[in-house]
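Each residue of the sequence shown is one higher than the one before, counting from 580 in our numbering.
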Amino acid sequence: MFDARIRPLIDPILNAQGRSLAGWGITANAVTLAGLALGLIAAAMIALGAPGWALVPLLVSRLADGLDGAVARATQTSDFGGYLDITSDFLFYGAVALAFVWLDPAANAAAGAFLLCSFYFNGASFLGFAILAEKHEMRTDVRGVKSLYFTGGLLEGFETIAFFVILCLAPAWFAPLAWGFGALCFVTGVSRILLARQVFGERRK
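Written out as structure tokens, the structure is:
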């Protein structure tokens, strides 16, 4: 919901840092994989009972998630880079949700399963729309220059990271927060399906 509003503010900073990293010979894919590794470390820390400390690698991993695209723009973008980026993002999201289930299975299992189901559905609606958008040669840079077509929604990257930060600060509230956030993920997915019906319902190619 806020991603499009935030991009104009953060992109100049990220692009400058991306040019610096590119000048040091660091590739965009290396930044993506470093961000994924930090995200998985954060998930492991949550599962092991240190969600507060997990905020450090979690936030640095999301910084890397913003920098990989900036490095790519400073060097050369690639379809594989976009593919690796979105795949790493979904693995990170699922790992954090799973980590809170491991942290307290008795209290968090049902809510965690619901949250993961909502991520699965929301991700499918997002990627399916991107495939059709590519087929019809649709383009947008509202959320920055991307390898995939990014549709807006009630919940996007900013809201998901804010949600994870709140969970790390208040892990005892995981269950009610996960039920609520998962429900909003389903709303986002359904709204994207309705948008796809409107945009692609009569299109042929």
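Backbone N, C-alpha and C fix where the C-beta goes; we use that ideal spot for every residue, glycine too.
- When DSSP states are grouped into helix, strand and coil, T611 belongs to the helix group.
- Taking C-alpha positions only, L646 is separated from V769 by approximately 30 angstroms.
- Spatial neighbours of I605 in its own chain (CB-CB distance under 8 angstroms, excluding positions within 5 residues in sequence) are listed in chain order as V650.
- Cβ neighbours of D668 within its own chain (closer than 7 angstroms, five residues either side excluded): D644.
- The residues A686, N687 and A690, in chain order, have a CB closer than 7 angstroms to that of A754 in the same chain once the five nearest residues on each side in sequence are set aside.
- Annotated as proximal: F679 and I625, with beta-carbon spacing under 8 angstroms.
- Here N594 has A649 as same chain residues with Cβ atoms under 6 angstroms from its own Cβ, once five neighbours each way along the sequence are excluded.
- Taking C-beta atoms as the reference points, L682 and G628 count as a pair closer than 8 angstroms.
- For L634, same chain residues with a beta-carbon under 8 angstroms away, outside a window of 5 residues either side, are A621, V744, C747 and L748 in chain order.
- Taking the Cα positions, L615 is about 8 angstroms away from L670.
- Out of A757, M717, I772 and G707, the CA that lies nearest to the CA of G673 is found in A757.
- Burial check for P636: the Cβ neighbour count within 10 Å reaches 16 or more, so the residue is buried.
- The C-beta distance from G597 to A653 rounds to 5 angstroms, short enough to fall under 8 angstroms.
- Distance between V639 and F700, taken at the CA atoms: about 27 angstroms.
- Approximately 7 angstroms separates the beta-carbon atoms of V610 and L600; this is inside 8 angstroms, confirming the contact.
- The Cβ atoms of A676 and F698 sit closer than 8 angstroms to each other.
- Comparing alpha carbon positions, the residue from A751, A613 and G761 closest to C696 is G761.
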